[in-house]
Amino acid sequence: MATAAESAQIASQARLLYLEQLLKGLPDLVARVGHAARELQDKPAEHALAQSRRDLVQGLMRGAGSWQTEMAAKLRHVMRDGGAQAMPLELPKLGQKDKLSLVDNDVIEREILTSRLALAMMDRAGWEFSDLRSRMAMLERRGELATHDSLRAHVLARVVLDAWRSARLSADDWREAQPILHQEWAALLEGAYHEVNRWLVSQRVMQDVDLRPNIRRTVEAHGNVSGVPPVQAAPAAHADSGFDAPTQYAPHPSVVSRGAAPRAAAPRGAAAPQRPGSASADQVGEETRLMTRAAPLARGSAHAEAVLGRLNRLVGRHLPGFADTVHGRPVTEALSTAINQAQQQWRRRFAPSPGQTAAAAAATAPLLLEELQLGKQALKQAAKSPEERATIEIVAMMFQSILTEERIPAAMRVWFARLQMPVLRVAVSEPDFFATLDHPARRLIDRMGACVMGLDSASQTVGDSLDKEIKRVVQVVEAYPDTGRRVFQTVLTEFEKFLEHYFKNENEASKRGVSLAQQIEQRETLAIQYTIELRRMLNEVPVQEGVRQFLFQVWADVLATSAVRYGGQSSETKAMKRAAADLIWSASAKVTREERAEVIRRLPPLLKRLREGMVSANMASERQEERISALNNALAAAFTAKAAAIPMDRLQDLMERLESIEELLPGAEDIEIDESLVLDLSGHESSELEVVSDGGSLATAPMLAWARELQVGSWYTLEYRGRHEAVQLSWHGMRRQLSLFVTPGGRCVLFQLQRLAAFLQAGLLLPAQDEALTVKATRNALARIDADPSQLMN
7 MATAAESAQI
17 ASQARLLYLE
27 QLLKGLPDLV
37 ARVGHAAREL
47 QDKPAEHALA
57 QSRRDLVQGL
67 MRGAGSWQTE
77 MAAKLRHVMR
87 DGGAQAMPLE
97 LPKLGQKDKL
107 SLVDNDVIER
117 EILTSRLALA
127 MMDRAGWEFS
137 DLRSRMAMLE
147 RRGELATHDS
157 LRAHVLARVV
167 LDAWRSARLS
177 ADDWREAQPI
187 LHQEWAALLE
197 GAYHEVNRWL
207 VSQRVMQDVD
217 LRPNIRRTVE
227 AHGNVSGVPP
237 VQAAPAAHAD
247 SGFDAPTQYA
257 PHPSVVSRGA
267 APRAAAPRGA
277 AAPQRPGSAS
287 ADQVGEETRL
297 MTRAAPLARG
307 SAHAEAVLGR
317 LNRLVGRHLP
327 GFADTVHGRP
337 VTEALSTAIN
347 QAQQQWRRRF
357 APSPGQTAAA
367 AAATAPLLLE
377 ELQLGKQALK
387 QAAKSPEERA
397 TIEIVAMMFQ
407 SILTEERIPA
417 AMRVWFARLQ
427 MPVLRVAVSE
437 PDFFATLDHP
447 ARRLIDRMGA
457 CVMGLDSASQ
467 TVGDSLDKEI
477 KRVVQVVEAY
487 PDTGRRVFQT
497 VLTEFEKFLE
507 HYFKNENEAS
517 KRGVSLAQQI
527 EQRETLAIQY
537 TIELRRMLNE
547 VPVQEGVRQF
557 LFQVWADVLA
567 TSAVRYGGQS
577 SETKAMKRAA
587 ADLIWSASAK
597 VTREERAEVI
607 RRLPPLLKRL
617 REGMVSANMA
627 SERQEERISA
637 LNNALAAAFT
647 AKAAAIPMDR
657 LQDLMERLES
667 IEELLPGAED
677 IEIDESLVLD
687 LSGHESSELE
697 VVSDGGSLAT
707 APMLAWAREL
717 QVGSWYTLEY
727 RGRHEAVQLS
737 WHGMRRQLSL
747 FVTPGGRCVL
757 FQLQRLAAFL
767 QAGLLLPAQD
777 EALTVKATRN
787 ALARIDADPS
797 QLMN
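For the sequence shown, the residue numbers in the numbering used here are 7 to 800.
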């Protein structure tokens, strides 16, 4: 056990290392923020938004160097003046009755921006900070870090914001860059925490961190009167205190691991849902955390990686070579023969006879477990090393957990069982099967499980096509026993393509909804493309503002609707294009009697065509009247010659470009269907398709990232319009800007990305699985080994 002086010295060195990691990462971070801001500027946007993006880029070009210098100086100042206790936030002191005053708006704004940045950091770096906090508290002989300890995220967030203001960068610039700043600072802080943790482990400081002493039990833990499930801590495999033997600390990931985002983290970054008469979306307070519901337990990628890490550390205590994921271990000939024999036994015993369906051949869980136990003993006898026997035992425990999963339909259970031998072969030869979430064997099992494990009655039925595909996948894996990772990766890719085809063309519940969603996406993408091209055409043409806005906000959607229904070169679409040209001409200045007479002659059929176009785009009659009224004002200005005149040659050129506008449209792959361009999709709602246009809470960047990563085929529970039901994700649009969910009864629900993230954050859309199938199986195996480690060796 180290002395108090030695512990204090190590703690001081850890704080210096933390500072060094932040300072080392500052130049690259500032450069990435500037690069991301320039990329943001290049994206199409409304004039006001585009101007704010230009202001941000100009501000960063002018002040990025000063921002970096100020941050470095303030960080050194914080550490020099006392790393364990930074200066508290400069909020007004309350309680002085003779000096009561309102808090300045600037102070409140600073606190809001600081809190948001700190929450974004902790959403990503929370696991690393929890470990570091425990180690530092032990070294410094205290129960908890101080409220304003320099290691805490909100202290760093204050330094970043104060330096931004000192560099004369505005609050508006900060808000525009906020998603970029949150992402970059969260990654840098996570890396700094990770490196300090790794260094402390190398100094034999708490190899494993037990978080159970940090649980704070409240009234809800005993009697949950609020209706909100309390957050629980996952139990650690072992609790070590003091200094211990050094262990390998995993290298810091350069990107966020894919998979479900931590669900319990949602309330930390959530913003209050907007209600009539409520505060603006920029005001974030403590009530936000109460209004956004948390899931009972975090089951994100951080949790999954922690489970794998604990398994490797636990087994590594008994078998030091088990955690070596660098060098593969070839399967010995005796074990390979035993695996082949066991696999043939599985096929002979559980393969359907000619004319028999897969469901008729389905085995009960007890029968499968009995076969698994018999096969395990034979395999262990053939194994030549302790590592092989341990691998056999762990894989058997995992498949025992999978085969007893009640939500896997009986017809499917046997196909999961037959994957045991191929997975065992991979696990023996590729140790990283137990070290990484991205191993294709794990991902294949998780994807198959996610597709067949619905909720309640939905989980008991599997479509014939999906049943056949899972059967084919397993048989392909069995047919190539020596291919290992490659065959799993190949069939995983094929399975992903099958799911896209299945929900689009074969699944009766979803194929109509997918078709409608694709039409909506095509229409919205075309509307944005038409808007962009119309802006380019009219950029230097003196068109009255009312007409300009009508063309951008209404007629682009009409053109898109006609192009989707009839084709871009159809007579109907050409008539809509001519109406746009006639409107531009009618709104230009008319100074002669003949021109005015011509406008009067053309006006009735033109207005009739405009109304027909708005009806075809499903615009409500009230909005049609508003638009026509605004156009009448524009045309009146033209009659009084207040509008600018358009030269005939330019007008003729404009008409020709409208005729061939499809040839000029920007590429669809660069179009984002987001709320800045498409504000309302509710006009697409029908009896066959619900469009989610309200509900949820203001989504944070981590929630948007999670929404983009949801996988087709996975099941969720959706709370919407008074219903609480199972839904399956059946389709993603281009760049995942639109997502379609389908109920077992065939009702389709369409989300935009922002709304989907809002529902995830508010707990209105929850995954049916708290954790992936293989993660749950690994966690169960970990618990059994922890209870009786001798099972590994027997």
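We treat Cβ as the ideally placed atom computed from N, Cα and C, and that holds for glycine.
What would DSSP say about H730, mapped onto helix, strand or coil?
Your numbering for residue 730 matches position 724 in the sequence shown. Strand.
Taking all protein chains shown into account, do 16 or more other C-beta atoms lie within 10 angstroms of the C-beta of R354, making it buried, or fewer, making it exposed?
Taking the first residue of the sequence shown as position 1, residue 354 is located at position 348. With fewer than 16 Cβ atoms within 10 Å of its Cβ, R354 is classed as exposed.
Measuring straight from C-alpha to C-alpha, what distance separates E134 and T749?
As a working mapping, residue 134 is identified with position 128 in the sequence shown. As a working mapping, residue 749 is identified with position 743 in the sequence shown. Each residue's Cα considered, the two are about 39 Å apart.
Over what stretch of residues does the alpha helix (DSSP H) that includes E146 continue unbroken?
Here residue 146 refers to the residue found at position 140 of the sequence shown. Careful: E146 lies outside any alpha helix (DSSP H) and carries neither H nor E.
Would G552 be called buried (16 or more neighbouring beta carbons within 10 Å of its own) or exposed?
The sequence position of residue 552 within the sequence shown is 546, counting from 1. Classification of G552: buried, given that the 10 Å Cβ count is 16 or more.
Given the structure, does L138 come close to the ligand ATP, in the sense that its CB is under 7 Å from one of the ligand's heavy atoms?
The model depicted lacks the ligand ATP and carries no ligand whatsoever.
With DSSP collapsed to three states, give me the class of P610.
Within the sequence shown, numbered from 1, the residue matching residue 610 stands at position 604. Helix.
Give the single residue among L151, R571, T723, T343 whose Cα lies nearest to the Cα of K390.
Your numbering for residue 390 matches position 384 in the sequence shown. The residue with the shortest Cα to Cα distance from K390 is T343.
Please return the same chain residues whose Cβ sits closer than 7 Å to the Cβ of V781, not counting the five positions on each side in sequence.
As a working note, residue 781 is residue 775 in the sequence shown. Closer than 7 Å at Cβ, skipping near neighbours: A310, V313.
Does Q379 come out as helix, strand or coil in the three-state DSSP assignment?
Translated into positions along the sequence shown, residue 379 becomes position 373. If DSSP states are grouped into helix, strand and coil, Q379 belongs with the helices.
For P446, count the other beta carbons within 10 Å of its own beta carbon; 16 or more makes it buried, fewer makes it exposed. Which is it?
To locate residue 446, count along the sequence shown from 1; it is residue 440. By the 10 Å Cβ count, P446 comes out buried.
Keeping to the same chain, check which residues put their C-beta closer than 8 Å to that of A10; ignore five residues upstream and five downstream.
Counting from one through the sequence shown, the residue named residue 10 turns up at place 4. So the list reads R147, once near-sequence residues are dropped.
Which class does L544 belong to by DSSP, given the choice of helix, strand or coil?
Working through the sequence shown from its first residue, we reach residue 544 at position 538. Reduced to three states, the DSSP call for L544 is helix.
Taking the alpha-carbon of A388 as reference, which of E376, V337, L66 has the nearest alpha-carbon?
Your numbering for residue 388 matches position 382 in the sequence shown. It is V337 whose Cα lies nearest to the Cα of A388.
Starting from L505, follow the alpha helix (DSSP H) in both directions and report where the run begins and ends.
As a position in the sequence shown, residue 505 is number 499, starting the count at 1. Run containing L505: 491-507, per the alpha helix (DSSP H) assignment.
If you draw a straight line from the alpha carbon of L22 to that of S156, how long is it in whole angstroms?
As a working note, residue 22 is residue 16 in the sequence shown. As a working note, residue 156 is residue 150 in the sequence shown. Taking the straight line from one Cα to the other gives about 11 Å.
Can you give me the Cβ contacts of D452 inside the same chain, cut-off strictly under 6 Å, excluding the 5 residues immediately before and after it?
On the sequence shown, residue 452 is found 446 positions in, with the first residue counted as 1. Around D452: A778, L779, T780.
Could you please give the first and the last residue of the uninterrupted alpha helix (DSSP H) stretch that includes F422?
Translated into positions along the sequence shown, residue 422 becomes position 416. From DSSP, the alpha helix (DSSP H) with F422 extends over 416-423.
Going by Cα to Cα distance, which pick from G69, V621, E196 is closest to L25?
Walking along the sequence shown from the start, residue 25 turns up at place 19. If we check each option's Cα against that of L25, E196 comes out closest.
Starting from V868, trace the alpha helix (DSSP H) in both directions and tell me its first and last residue.
Absent from the model: residue 868. The displayed extent of the chain is 7 to 800, so no value can be given.
Using only the alpha-carbon positions, how far apart do E502 and S622 sit?
Here the question's residue 502 lines up with position 496 in the sequence shown. Here the question's residue 622 lines up with position 616 in the sequence shown. E502 and S622: Cα-Cα distance of roughly 37 Å.
Distance, Cα to Cα, L612 vs L657?
In the sequence shown, counting from the first residue as 1, residue 612 sits at position 606. In the sequence shown, counting from the first residue as 1, residue 657 sits at position 651. Their Cα atoms are separated by approximately 17 Å.
L317 and F405 - do their beta-carbons sit closer together than 8 Å?
If you number the sequence shown from 1, residue 405 lands on position 399. If you number the sequence shown from 1, residue 317 lands on position 311. Not a contact, by the Cβ cut-off of 8 Å.
Check this for me: beta carbons of V755 and V698, under 8 Å apart or not?
Mapped onto the sequence shown, residue 755 falls at position 749. Mapped onto the sequence shown, residue 698 falls at position 692. In this structure, V698 lies closer than 8 Å to V755 by Cβ.
Count Cβ pairs between the stretch 197-204 and the stretch 724-743 that sit closer than 8 Å; are there 3 or more?
Output reads no: the stretch 724-743 does not touch the stretch 197-204.
Please name the residue, chosen from E399, P428, P372, L385, that lies closest to A416 on a Cα-to-Cα basis.
Looking up residue 416 in the sequence shown gives position 410. Among E399, P428, P372, L385, the Cα nearest to that of A416 belongs to P372.
Taking DSSP as the reference, what is the three-state secondary structure of L695?
Indexing the sequence shown from 1 puts residue 695 at position 689. In this structure, L695 counts as strand in the three-state DSSP scheme.
Mind checking whether D129 and P708 have CB atoms under 8 Å apart?
By one-based count along the sequence shown, residue 129 stands at place 123. By one-based count along the sequence shown, residue 708 stands at place 702. Yes.
Can you tell me whether H53 is buried or exposed? The criterion is at least 16 other CB atoms within 10 Å of its CB, across all chains shown.
In the sequence shown, the residue the question calls residue 53 occupies position 47. Exposed: under 16 other Cβ atoms inside 10 Å.
Report yes if the C-beta distance between I791 and V321 is below 8 Å; otherwise report no.
One-based indexing of the sequence shown puts residue 791 at position 785. One-based indexing of the sequence shown puts residue 321 at position 315. Yes, these two residues count as a Cβ contact at 8 Å.
Using only the alpha-carbon positions, how far apart do Q184 and G701 sit?
Counted from its first residue, the sequence shown places residue 184 at position 178. Counted from its first residue, the sequence shown places residue 701 at position 695. The straight-line gap from Cα to Cα measures roughly 23 Å.
Do you know offhand how far L29's Cα is from E436's?
Sequence index remark: in the sequence shown, residue 29 carries index 23 (1-based). Sequence index remark: in the sequence shown, residue 436 carries index 430 (1-based). Cα-Cα distance, rounded: 38 Å.
Do V480 and W561 have their CB atoms nearer than 8 Å?
Numbered from its first residue, the sequence shown carries residue 480 at position 474. Numbered from its first residue, the sequence shown carries residue 561 at position 555. Contact flag unset, no.
How should Q559 be labelled, buried or exposed, when 16 other C-beta atoms within 10 angstroms of its C-beta is the threshold for buried?
Taking the first residue of the sequence shown as 1, we reach residue 559 at position 553. So Q559 ends up on the exposed side.
Please return the same chain residues whose Cβ sits closer than 7 Å to the Cβ of R158, not counting the five positions on each side in sequence.
The sequence position of residue 158 within the sequence shown is 152, counting from 1. So the qualifying residues of the chain are L151.
Could you spell out where the alpha helix (DSSP H) holding S801 opens and where it closes?
Residue numbering for the chain in the displayed model covers 7 to 800; residue 801 lies beyond these limits and cannot be assessed.
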